[in-house]
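Residue numbering for the sequence shown follows the working numbering, beginning at -3 and increasing consecutively. All C-beta atoms, glycine included, are put in the ideal place defined by N, C-alpha and C.
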Amino acid sequence: MSLLWLRFALACYFVGLVYAFVALTRTSDLFSRVALHAASLGMVFHFVSLTEVFLSGHVVWRRYTTGNRC
C-alpha cells in the first residue's frame, strides 16, 4: 500500500516539474497555484507512505556501537 502512496506522490511531483518547465517560458497565476498544491500533495503522500512503512514493521532499527562492529 505504501507503494501506492509513493506513486501518487510521484504524480504530484511530476505536475510540479511540468510547471517548472512551463514557468521557464512564461508565467501564469493558474499554473503557479496548481503547482504549489501539487507539490504540497506530493509531500503529504510521501510522508503518508513513509509513515505506513514505519508502522508496518518493515524497517529494522539497528544501533551501532563503537566497540561491537561486525
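Spatial neighbours of LEU32 in its own chain (CB-CB distance under 6 Å, excluding positions within 5 residues in sequence) are not present. Contact holds between the segment 4 to 13 and the segment 39 to 52, because three or more Cβ pairs, one in each stretch, are under 8 Å apart.
Annotation: the continuous alpha helix (DSSP H) that includes ARG3 extends over -2 to 21.
Separation of SER28 and ALA35 (C-alpha to C-alpha, rounded to the nearest whole angstrom) is 10 Å.
Nearest in C-alpha terms to LEU13, of all of SER52, VAL30, LEU0, SER(-2), is VAL30.
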